[in-house]
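Visitor:
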Amino acid sequence: MACCSCSASFGRLAPRLGAQLRPILVNGAQSPSSASICTSSTANNSASRASRASRPSLMTTSNANTPSSRTARRALHTSPSRQKIDLKQLILGRVAQSLATGRSTYFIYSATERMYKTCAAQADYAIEPADRKAGKLQTGPDGEEIGTSKGGEWHNGLSLPPTFSTWAHVTMLHMYLLLVRFRCMDKASQQAWQDQLVNHFFYQAEAKMELVHDLSSRMIRQQYLKDLFVQWRGLVMAYDEGLVKGDAVLASAVWRNLFKAREDVDVRALAAVVSWMRASLADLGHMRDELFDMEGEKAIVQRSVTAEFESVDVPAGAMTKAFEQAGIIKPGVATTSTRP
1 MACCSCSASF
11 GRLAPRLGAQ
21 LRPILVNGAQ
31 SPSSASICTS
41 STANNSASRA
51 SRASRPSLMT
61 TSNANTPSSR
71 TARRALHTSP
81 SRQKIDLKQL
91 ILGRVAQSLA
101 TGRSTYFIYS
111 ATERMYKTCA
121 AQADYAIEPA
131 DRKAGKLQTG
141 PDGEEIGTSK
151 GGEWHNGLSL
161 PPTFSTWAHV
171 TMLHMYLLLV
181 RFRCMDKASQ
191 QAWQDQLVNH
201 FFYQAEAKME
211 LVHDLSSRMI
221 RQQYLKDLFV
231 QWRGLVMAYD
241 EGLVKGDAVL
251 ASAVWRNLFK
261 AREDVDVRAL
271 AAVVSWMRAS
281 LADLGHMRDE
291 LFDMEGEKAI
301 VQRSVTAEFE
311 SVDVPAGAMT
321 KAFEQAGIIK
331 PGVATTSTRP
């Protein structure tokens, strides 16, 4: 309901409009002013109808954008018949698709844990708590604690002491061989497998520091782990360089890392390690991806490092004459390796 002032305005509005139309209704004639008003009103109505006719309807535009208007309705007889599904082909396709895609994180974790345990067992050792309490624990020239070997050929065959350093470098050597095989995968898979394998190593390395060597200070363990990580990075670069540049460079890398650059190192043992690395990498390279995922660790332990002495002791053909002149070998000694 309008207020008083609005009602008064509405009352004055009606007489004003009616004043112009009153002569038309009374006299039946048009004044110039009224004629112009009616003419303009009629013209405006015609223009507005023409504009509405030329302008597309909103309903038409809306209907044009509906899915039913965009897609022609198909008759029932033109619908394609349902194809028969071959269950066997469907299952084989899904299996092939699952094998083609990358492994899950849980699978990679489990597989790398199995591989790592094999690597870590090759030069494992133990230290009896009773020997530590009794003060009978032996130490090396550099003060490193010497434990008891668990029967690995790296201790008995290559005369490496059963210490944390030996265990770490032998383990990292086996891990490096797996790392080279990981590089045959795509980049994302290679990084995932490598990260999980390295994580297993550093977790157990810290556990050995605490449980075997009685390092209860976490700060000291973290410092040792940082040094060990630097050694791991340098080891990978040194062995990569050796694989590319030749056995002499690879032997120098093994001598600096595994044998701690000792001057009294057994050259035969050094050559045996290099020969074993080359042979193990060849075995890994011939292994299919699906087989490597399930039992890749078998390729790095199926060969004995001490068995490589048979190949190392065979002189090279180019050095046979020099060895004969120096009296190192007798004339007529075979110079062909029997290694498969």
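full-length UniProt numbering puts the sequence shown at residues 1 to 340.
Here a beta-carbon is modelled for each residue, glycine too, at the ideal position from N, C-alpha and C.
Since the structure is predicted, the reported quantities are computational estimates derived from the model, not experimental observations.
With a threshold of 16 other CB atoms inside 10 Å of the CB of residue 90, please say whether the residue is buried or exposed.
Guide: Residue 90 comes out exposed.
Visitor: On a Cα-Cα basis, can you pick out the residue from 294, 240, 321 and 281 that is closest to residue 113?
Guide: Of 294, 240, 321 and 281, the residue nearest in Cα terms is 294.
Visitor: Counting Cβ pairs, one atom from each stretch, are 3 or more of them under 8 Å apart for the segment 311 to 327 and the segment 217 to 232?
Guide: Contact fails: fewer than three Cβ-Cβ distances are below 8 Å.
Visitor: Determine, using beta-carbon pairs with one atom in the segment 199 to 215 and one in the segment 179 to 186, whether at least three such pairs fall under 8 Å.
Guide: Flag = no, the segment 199 to 215 and the segment 179 to 186 do not touch.
Visitor: Is DSSP giving residue 163 helix, strand or coil here?
Guide: Correct three-state label for residue 163: coil.
Visitor: So, helix, strand or coil for residue 217, using DSSP?
Guide: Coil.
Visitor: Terminal residues of the continuous alpha helix (DSSP H) containing residue 118?
Guide: Residue 118 -> alpha helix (DSSP H) spans 105 to 120.
Visitor: Whole angstroms is fine: what's the gap from residue 240's alpha carbon to residue 305's?
Guide: Between residue 240 and residue 305, the C-alpha separation is close to 20 Å.
Visitor: Who are the Cβ neighbours of residue 280 in its own chain at under 7 Å, not counting the five residues just before and after it?
Guide: For residue 280, where only same-chain residues beyond five positions count, the Cβ hits under 7 Å are 177, 299, 300 and 303.
Visitor: Let me check one thing: in DSSP terms, what residues is residue 345 bridge-paired to?
Guide: The structure shown does not extend to residue 345, since the chain is modelled only from 1 to 340, so the question has no answer here.
Visitor: Run through DSSP, which three-state label would residue 325 get?
Guide: Here residue 325 sits in helix by DSSP.
Visitor: Are the beta-carbon atoms of residue 166 and residue 125 separated by less than 9 Å?
Guide: Yes, they are a contact pair.
Visitor: Measuring only the C-alpha atoms, how far is residue 209 from residue 215?
Guide: If you take the alpha carbons of residue 209 and residue 215, they lie about 6 Å apart.
Visitor: Taking 8 Å as the cut-off, does the segment 116 to 133 touch the segment 141 to 149 (at least 3 CB pairs, one atom from each stretch)?
Guide: Result yes; three or more Cβ-Cβ pairs closer than 8 Å.
Visitor: What ranges does the alpha helix (DSSP H) occupy inside the UniProt domain "Ubiquinol-cytochrome c chaperone" (158 to 290), keeping only unbroken runs of at least 4 residues that lie completely in it?
Guide: The qualifying runs are 164 to 182, 187 to 211, 218 to 245, 247 to 257 and 267 to 285.
Visitor: I need the DSSP call for residue 302, collapsed to helix, strand or coil.
Guide: Residue 302 falls in the coil class under three-state DSSP.
Visitor: Please tell me whether residue 205 and residue 225 are closer than 9 Å, where the distance is taken between their beta carbons.
Guide: Contact flag set, yes.
Visitor: Contact between the segment 233 to 248 and the segment 261 to 269 is defined here as three or more beta-carbon pairs at a separation below 8 Å; is this criterion met?
Guide: In short, these stretches do not touch, since the Cβ pair count stays below three.
Visitor: Alpha carbon to alpha carbon, what distance is there between residue 289 and residue 245?
Guide: Cα to Cα, the separation comes out at about 27 Å.
Visitor: Just the Cα atoms here: how many angstroms apart are residue 162 and residue 88?
Guide: Their Cα atoms are separated by approximately 56 Å.
Visitor: Can you give me the C-alpha to C-alpha distance between residue 397 and residue 275, rounded to a whole angstrom?
Guide: Past the edges of the chain, shown from 1 to 340, lies residue 397, and the structure says nothing about it.
Visitor: Between 291, 260 and 253, which has its C-alpha nearest residue 277's C-alpha?
Guide: Among 291, 260 and 253, the Cα nearest to that of residue 277 belongs to 253.
Visitor: Spell out whether any CB of chain C is found under 9 Å from the CB atom of residue 210.
Guide: Of the protein chains in the structure, only one exists, and it is not chain C.
Visitor: Over what stretch of residues does the alpha helix (DSSP H) that includes residue 312 continue unbroken?
Guide: Its alpha helix (DSSP H) spans residues 309 to 312.
Visitor: Measuring alpha carbon to alpha carbon, tell me which of 308, 110, 157 and 247 ends up nearest residue 123.
Guide: It is 157.
Visitor: Residues in the same chain with beta-carbon distance under 7 Å from residue 328, minus the five sequence neighbours each way, listed in chain order, please.
Guide: For residue 328, where only same-chain residues beyond five positions count, there are no Cβ hits under 7 Å.
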